[in-house]
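*Asks:* Submitted below is the structure of interest, expressed as C-alpha cells.
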Amino acid sequence: MVTDYQVAQLIHILAASVWIGGHIVIVLGYLPRFIATGDFRHLEQFESVYEKIGMPSLVIAAVTGLYMAVKLGWPEGPVASLVNLKIALLVATILLAVDARLRIIRRYRRRGSISTVDMAVHIVAVTLISILFAVVGWEIRY
C-alpha cells in the first residue's frame, strides 16, 4: 500500500528534478554562450520559459519537503539537522534570486548591459545549491 509520505516523496523528487535539471541546462547549455558573447538575450529567453515551470517546481519541492520533514518528526528528531540545512539552502537560493532580480537584471533593463561575471556567479551558485539540495535530501532516510 502506498503511503501519503511516499506520494509526497514522489512529487518532491519530480519537482526537484525539474528545478535541478533546468539549472543544469542553463549552466551547460546557455551559460557558455553568454560568457563568450555577453549577449543576455538567450539566457533571458530560456529563463522566461523555464521560470513558468521552475518556480512552481521549487515551491512544490519546498512544500512537499516540509510535509515529509514534519512526518519524520522535524523540528526534532534524527533528520532535524539535514532539514535545517535544506532550509538554509532554500534561503540562500531565494537571496540569490532576489539579488539577481533587483540588482543585476534591473541594471540590465536600465542600461542594456549586464555584468557577465555577476550573472554567471549567480547561475553557477544556484545550480550548485540545487545539487546540494539533492545530496542532502539523499541523506534523509524514511
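Heads up, the sequence shown is in the numbering used here, so the first residue is 2 and it goes up one at a time.
Backbone N, C-alpha and C define an ideal beta-carbon position, used for all residues, glycine too.
The structure displayed is predicted, hence computed values, not measured ones.
1) Taking the C-alpha atoms as reference points, what is the distance between Leu67 and Tyr6?
2) Which of the three DSSP states, helix, strand or coil, is assigned to Thr4?
3) Tell me the rounded alpha-carbon separation between Met69 and Val80.
4) Does the Cβ-Cβ distance between Gly138 and Lys87 come in under 8 Å?
5) DSSP three-state call for Glu45: helix, strand or coil?
6) Taking 8 Å as the threshold, find out whether the stretch 125-142 comes into contact with the stretch 83-103 through three or more Cβ pairs.
7) Does the pairing of the stretch 5-24 with the stretch 54-67 give three or more beta-carbon distances under 8 Å?
8) With a 10 Å radius around its C-beta and 16 neighbouring C-beta atoms as the bar for buried, classify Met56 as buried or exposed.
9) Got a sec, what are the start and stop residues for the alpha helix (DSSP H) Trp139 sits in?
10) Expressed to the nearest angstrom, what Euclidean distance is found between the alpha-carbon atoms of Ala37 and Ser116?
*Replies:* Quick look at the numbers:
1) 11 Å
2) It is coil, neither helix nor strand.
3) 10 Å
4) yes
5) The answer is helix: DSSP assigns Glu45 an H, G or I state.
6) Verdict: yes, contact present.
7) yes
8) Taking all protein chains shown into account, Met56 has fewer than 16 neighbouring C-beta atoms within 10 Å of its C-beta and is therefore exposed.
9) Unbroken alpha helix (DSSP H) run through Trp139: 117-140.
10) 13 Å
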